Amino acid sequence: MKNPKILIIGDYTNYQYHPFSGIAHTLEGLLSGRGLEPKFTEDRKELEPENLSQYDALITYVESWDQVLPSNQIQGILDFVASGRRIFGVHCGISYANPEYYELFGARFTNHPPLHEFPVKISGEKHPLTDGLADFRIEDELYMFDYKDFLQLKVLMEGDFEGKAYPLAWEKKAGAGALLYLALGHDQRAFGNEMFQKTLLNGALWAIPK
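If you're matching positions, the sequence shown starts at 762 in the numbering used here and goes up one per residue.
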């Protein structure tokens with residue numbers, strides 16, 4: 762049996778706030794020795810149907826707040842999920858401006874309060890993302906969102922800000938496939954958090970076909 766191939770995409774050079782190198786280094790360590798073939802890249806051409814179809818899973822940390830993907834690349838993503846495969850989006854990985862991307866993830870980023878430490882609460886519903894996790898605290902950006910259809914989301918983690926709970930992770934079905942999104946992961950302060958690392962690994966393993 763071939764080792765699963767994972768495309769992990771972000772921005773090494775053309776980024777505003779989230780260089781790919783930090784989380785790529787963290788993921789590389791977490792995935793090492795697990796019989797996987799991860800490819801770390803910033804090349805958007807890997808999202809085109811003929812390229813993306815060669816992978817078993819997609820993890821995205823792309824920072825593209827105003828960027829609209831070309832039609833063939835967004836189609837590659839849609840085809841990928843429709844075929845029954847899975848996408849794991851982390852933090853800024855939800856940021857493409859395409860309406861199809863908004864539909865796919867079920868939400869778009871709107872704002873966040875200043876980076877600070879806050880509590881993270883794990884949903885009581887069992888899910889691979891939160892397997893082995895307990896409530897924890899993290900210093901990070903607490904992303905807030907506009908939701909396409911909140912009822913389509915299975916919320917798995919929440920963060921507290923000023924006494925109000927905000928979704929930080931969810932799963933959403935899409936055709937024969939599924940999306941998993943984790944809003945945490947701004948910089949090294951998050952990457953060094955043991956519970957974040959466990960969550961990140963769980964999400965990556967969730968994306969791989971069983």
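Positions of the beta carbon are idealized from the N, C-alpha and C atoms, including for glycine.
Computed from a predicted structure; not experimentally measured.
DSSP state of residue i mapped onto helix, strand, coil
i            : result
residue 875  : coil
residue 960  : helix
residue 821  : strand
residue 898  : strand
residue 969  : coil
residue 1037 : Because the chain spans 762 through 971 in this model, residue 1037 falls outside it and cannot be assessed.
residue 851  : strand
residue 798  : strand
residue 926  : strand
residue 936  : coil
With 16 other Cβ atoms within 10 Å as the buried cut-off, status of residue i
i           : result
residue 818 : buried
residue 947 : buried
residue 933 : buried
residue 944 : buried
residue 826 : exposed
residue 764 : exposed
residue 795 : exposed
residue 844 : exposed
residue 928 : buried
Residue from the options with nearest C-alpha to residue i
i           : options               : result
residue 806 : 957, 909, 837 and 938 : 837
residue 921 : 853, 878, 845 and 802 : 878
residue 899 : 842, 823, 953 and 801 : 953
residue 804 : 768, 786 and 794      : 768
residue 910 : 887, 935, 886 and 894 : 935
residue 832 : 824, 963 and 858      : 858
residue 781 : 861, 917, 853 and 885 : 853
residue 939 : 885, 955 and 820      : 820
residue 890 : 786, 842 and 941      : 941
residue 893 : 783, 963 and 856      : 963
Bridge partner(s) assigned by DSSP for residue i
i           : result
residue 931 : 916 and 942
residue 908 : 868
residue 882 : 919
residue 766 : 798
Would you check if the region 894 to 906 and the region 868 to 875 touch, i.e. whether three or more CB-CB distances between them fall below 8 Å?
-> Yes, the region 868 to 875 touches the region 894 to 906.
Could you say if the region 911 to 928 and the region 879 to 897 meet the contact criterion of at least three C-beta pairs nearer than 8 Å?
-> Three or more Cβ pairs drawn from the region 911 to 928 and the region 879 to 897 lie within less than 8 Å of each other, which places the two stretches in contact.
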